[in-house]
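> Residue numbers (the numbering used here), protein chains in the order written: chain U, 52 to 134; chain Z, 52 to 134; chain V, 482 to 715; chain G, 171 to 886.
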Ligand SMILES: Nc1ncnc2c1ncn2[C@@H]1O[C@H](COP(=O)(O)OP(=O)(O)O)[C@@H](O)[C@H]1O
Ligand SMILES: [Mg+2]
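Right, here's the structure in full:
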């Protein structure tokens, strides 16, 4: 079966989020006073064909390790549709 | 109260996802045979101080319209923590 | 003709554009900081220069398009005033919806900087009137996000109305895929709005305005603008 | 806390105790550990660096400052320096390279100069390995990502591949800036009673104690406290450049210092020590990005895009205004005082109190033992007769051109904006890059080079050859070398044989610098470039800057014209030792040729005259790949072939592929042949053949069309 897996990648705590800071300032400048802070990360969706949702998650985790996530500065979370 | 709002942005159907295609190719080249396809988007978290979760959502929607999303090529989905 | 060059934080071709315009035309050029809310009163021609406004963070040109000065810039364009966006400036114009479409990452996903041939597609714009139709000119490119895209029907409409002013080509004017440095739809390098007063292009005419540094094809571009202005008084 | 945990040696700890007359506290210990690390103190190399000549008519500022400055005439100076960012680039290639570029730009900026161009030296492992590919891709993207955005063109560089860099790639960044001589900002001019100001990004925990951690064994219990990666923000840097230049133009600052390794502590103590003042710093006033930071963390943070300013109080207000315009944080956090006392106050307590001059200057030097490698002669034993002549010359030349170290670097340098600022007359892809100076006739010429293989075979000769190659390149292009900067990339100095190699390389470089009267005005040392898999080749990288009086005195390369007569100037007995030709066959052997100062100087003078007299259409000094590679590159870039016959008894492979000595290939228009011959009369000079046709043919060797050459050179 084909599973859609969503991967949410964000910078680790303590790593400077230069994009987030710039967006924050820009939104504040446009009058969004309720805004406290912004973090900008990546949203990657992969479709994998595996026997189970669990396998799909494992496969996606491997992809994160292999390429999608730079573990020196980033952290990630995975959601499998239908899991 | 401060709400964390997650915004998931992806390219619209029909807009060339060059990054997704490139990631797909590299992962396939690394032997991820279960992979069918990849889409690369943005994961933006904003923290907003509003009276209710509903207001937080509205505020985030306005930010998307104002800056975060380019509706010519992108679409988005919002999740408010605790909603 | 009084030219205003808008400077955003992160713009890096503002000085170059001012140097090229002043050097090619000898007309008055002023820098205007993005936080201003009005253009100098006698402004005839506005340029959004290249660079990495706001670091190109989020999307290229997105934050600059929301800068305070942009209301006045859009108003200038709406009144029919001459408005030019080069490279990052082009991205700012599409992000401001002053021009249709969007600029996506190059298909190689790499930044590319090199001299580039362009075929002049339309000479009925104030920016290209001194070229001849089909002429091949050389302007350098230097960008990471130059793939111009537009939904199919809109693309057709743009082509039908002659909105494409420059197309990537080879030295013979052939516009094959080989001559496309970034994967742009129909090899599009520069487009103009319907009214013909707002031009966006990825290549850098200011980098082709002196024999010593990049050639002189860009001088014709600047002279076209001056001549159209002098004639039409826009 | 144990002093060893701070990375200090026993003698160093004792020295600190002796000077203080007490035990240092933890904050002080950590500070000293970083400040006396190899990276900051140069304790292994200070004595070696003294061997470099660094004076000369043109030198305005020599080593010891943020960058060197040479006089370009009429009140203008060129500030330049190279720096390595090897370790960070191996760990986080994109960010490591990006912050390397950002750091060297701030060094130039700290003098008040506007950065006008960069070059990058890249040394990668085996090109076929996936580790190399991902490191190389990350590093190249990082160099471009930062340089392009910050608006400083990358106009040239050097890229080479060798398995010794597999685990330990090198990233050296060079930057040059322009400054009116009467506007130079000095780090020696602070006076008591002035404000100490921090301009730029907020201070976070990034890169804390990066230098010291490198010298402590990594173990599980310090893993959690490992420095977090510094993230480069070219956008922030662009704002910083504009703000600092505006402040300098308005004469608002007394002194300025960039924050690189060891951040606030290094920059502020350096200004204090050099200016002969003390400082009281209130760390509570520093804008922070992370919570609960300890004072030593604040002191040692390597957060990027920050500058330290010393400001006369009457200008503080204006400084703040400029900062606000450029949307930068700016905080006064201390003051200069009489004396030598450097004090950090935090939460109402004295966190550290040290003599300013102790921190940067007084680290005990380490006289590492030096031993000539026993196997040196063995590498030299190499019999040319064991090398058969190529069976298929065409194949041999093509595979040489496809050797990644020699092949076209277009795929790399096209990713760099080489034109922004509108000064680039000759950009990457040429032996020498040239910048015009707006409003003047003269041009600045520069080139970056290295020859790790020859340095490994004979470090003295290799070191001299490295310098000579850059000077020859410049001379052929019409530029007299005015000064150079260097990055000494070497493995651990603690191995006596490795220290000897370093020592000899420096001596060789110094000898050549002396002969050419080309002083070393700035530089950088990067040691401990080794991994459990082995050490890198000795890799001194040299960036040399020269001046061309006017565009009319510049000679380009790759501009052959139909009918030109080709000349080879220089000796006809080069050497295959350490040549690209042998390396591409997997052999690193032989003894490189010695450096002949008289011949080299003679060559330079004649080459300069050749350029200024317009006696040639095109010229190229011979380097990697020898005459054959030079012929092929000239032909490919000109898009035209040539017919050549070699009537010299030297073995053809040596003549065509040998390297070393002052040699060049010139294309001379028929009408200038007599003049050319006069200029080179008394120096070896032979006529090779004529330019024309679609083929590059050498009688009795290869014959290939220009497009065959190009296809191999570009695509491998
Ligand atoms: N990393 C790099 N960045 C920019 N330009 C480079 C880089 N590597 C090489 N180049 C350019 O490519 C050309 C070839 O360089 P190199 O490999 O050193 O050969 P050569 O010995 O012919 O100079 C030079 O013009 C050089 O400036
Ligand atoms: Mg070179």
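All C-beta atoms, glycine included, are put in the ideal place defined by N, C-alpha and C.
Determine, using beta carbons only, whether residue 536(V) comes closer than 7 angstroms to chain U.
Yes, residue 536(V) counts as interfacial toward chain U.
> When the Cβ atoms of the region 346-364 of chain G are set against those of the region 636-643 of chain G, are three or more pairs found closer than 8 angstroms?
Output reads no: the region 636-643 of chain G does not touch the region 346-364 of chain G.
> Output, in chain order, the set of chain Z residues within a Cβ distance shorter than 9 angstroms of residue 78(U).
Chain Z residues near residue 78(U): 97, 114, 117, 118, 119.
> Are there 16 or more other CB atoms within 10 angstroms of the CB of residue 692(V), so buried, or fewer, so exposed?
Answer is exposed; the Cβ neighbour count stays below 16.
> Hey, out of 560(V), 596(V), 625(V), 565(V), whose CA is closest to residue 694(V)'s CA?
Nearest of 560(V), 596(V), 625(V), 565(V) to residue 694(V), Cα basis: 596(V).
> Looking only at its chain, what residues have a beta carbon closer than 7 angstroms to the beta carbon of residue 387(G), apart from the 5 residues adjacent to it on each side?
For residue 387(G), the pLDDT reaches just 33, beneath the cut-off of 50, and the residue's location in the model is therefore unreliable, although a value from the coordinates is still provided. Result list for residue 387(G): empty, nothing under 7 angstroms.
> Which class does residue 436(G) belong to by DSSP, given the choice of helix, strand or coil?
Three-state DSSP puts residue 436(G) in a helix.
> Measuring straight from C-alpha to C-alpha, what distance separates residue 675(G) and residue 456(G)?
Straight-line Cα distance between these residues: approximately 43 angstroms.
> Assuming residue 254(G) and residue 340(G) are in contact, meaning their beta carbons sit under 8 angstroms apart, how far apart are those beta carbons, in whole angstroms?
Right, the Cβ-Cβ distance comes to about 7 angstroms (below 8 angstroms), so this counts as a contact.
> Assess contact between the region 70-83 of chain Z and the region 105-122 of chain Z, defined as three or more Cβ pairs (one per stretch) separated by less than 8 angstroms. Is contact present?
Judged by Cβ distances under 8 angstroms, the region 70-83 of chain Z makes no contact with the region 105-122 of chain Z, as fewer than three pairs qualify.
> Listing by chain order, which chain U residues have their CB less than 8 angstroms from the CB of residue 52(Z)?
Correct list: empty, because the minimum Cβ distance to chain U is about 11 angstroms.
> Take the Cβ of residue 770(G) as the centre, count every other Cβ of all protein chains shown within 10 Å, and call the residue buried at 16 or more, exposed below.
Buried: at least 16 other Cβ atoms inside 10 Å.
> What are the residues that DSSP puts in a beta bridge with residue 680(V)?
Looking at the DSSP assignment, residue 680(V) forms a beta bridge with 565(V), 673(V).
> Using alpha carbons as the reference points, say which of 476(G), 434(G), 442(G), 690(G) lies closest to residue 466(G).
With distances taken between Cα atoms, residue 466(G) lies closest to 434(G).
> Nearest to residue 96(U) by alpha carbon, out of 118(Z), 68(Z), 52(Z), 99(Z)?
The residue with the shortest Cα to Cα distance from residue 96(U) is 68(Z).
> Less than 6 angstroms separating the Cβ of residue 565(G) from some heavy atom of ligand 3?
Annotation note on ligand 3: not contained in the displayed structure, which lists ligand 1 and ligand 2 as its ligands.
> Determine the direct distance from the alpha carbon of residue 346(G) to that of residue 285(G), and round the result to whole angstroms.
Those two C-alpha atoms are separated by around 6 angstroms.
> Taking contact to mean at least 3 C-beta pairs separated by less than 8 angstroms, is the region 273-290 of chain G in contact with the region 231-249 of chain G?
Contact between the region 273-290 of chain G and the region 231-249 of chain G is present, because at least three Cβ pairs lie under 8 angstroms.
> Given that a residue counts as buried once 16 or more other Cβ atoms are within 10 Å of its Cβ, and exposed if not, what is residue 554(G)?
Exposed.
> Under 7 angstroms, Cβ to Cβ, is there at least one residue of chain U near residue 539(V)?
Closer than 7 angstroms: yes.
> What's the gap between the Cα of residue 385(G) and the Cα of residue 661(G)?
Note that residue 385(G) scores a pLDDT of 45, beneath 50, so its modelled location is shaky; the value from the coordinates is reported in the next line. One C-alpha to the other measures close to 13 angstroms.
> Would you please verify whether the beta carbon of residue 547(V) is less than 7 angstroms from any beta carbon of chain U?
Taking Cβ atoms only, chain U reaches closer than 7 angstroms to residue 547(V), which makes this a yes.
> What residues are listed by DSSP as bridge partners for residue 51(Z)?
No answer is possible for residue 51(Z): the residues shown for chain Z start at 52 and end at 134.
> Could you pull out every unbroken beta strand (DSSP E) segment of at least 3 residues lying fully inside the region 283-362 of chain G, listed in chain order?
Listed in chain order, they are 284-294, 324-331, 340-350.
> Is there a Cβ of chain V sitting closer than 7 angstroms to that of residue 74(U), yes or no?
With 7 angstroms as the cut-off, residue 74(U) counts as an interface residue toward chain V.
> Give the straight-line distance between the Cα atoms of residue 333(G) and residue 631(G), rounded to the nearest whole angstrom.
Computed Cα separation, rounded: 22 angstroms.
> Which same chain residues end up closer than 6 angstroms to residue 394(G) when comparing Cβ atoms and leaving out the 5 residues on each side of it in sequence?
Confidence in residue 394(G) is poor, its pLDDT being 48 and thus under 50, which makes the residue's placement unreliable; the coordinate value appears in the next sentence. Correct list: empty, nothing qualifies.
> Alpha carbon to alpha carbon, how far is residue 295(G) from residue 564(V)? Give it in angstroms, no decimals.
When rounded, the distance between both Cα atoms is 49 angstroms.
> Going by the beta-carbon positions, is the gap between residue 758(G) and residue 745(G) smaller than 7 angstroms?
The answer is no: Cβ separation not under 7 angstroms.
> Can you pull the chain G residues whose beta carbon is under 9 angstroms from the beta carbon of residue 490(V), in chain order?
Those are 405, 408, 409, 412, 496, 497, listed as they occur along chain G.
> Among all the DSSP beta bridges, which residues are the ones paired with residue 367(G)?
479(G), 502(G), per the DSSP bridge assignment.
> Alpha carbon to alpha carbon, how far is residue 865(G) from residue 701(G)? Give it in angstroms, no decimals.
One C-alpha to the other measures close to 46 angstroms.
> In this structure, does DSSP put residue 725(G) in helix, strand or coil?
Coil, per DSSP.
> Can you pull out the residues from the region 500-512 of chain V whose beta carbon lies closer than 8 angstroms to at least one beta carbon of chain G?
Listed by position along the chain: 500, 501.
> Of the residues 610(G), 709(G), 649(G), which one's Cα is nearest the Cα of residue 619(G)?
Nearest option by C-alpha distance: 709(G).
> Going along the chain, which unbroken runs of the beta strand (DSSP E) with 3 or more residues stay wholly within the region 793-863 of chain G?
Those beta strand (DSSP E) runs which fall completely within the region 793-863 of chain G and span 3+ residues are 812-814, 834-838, 855-861.
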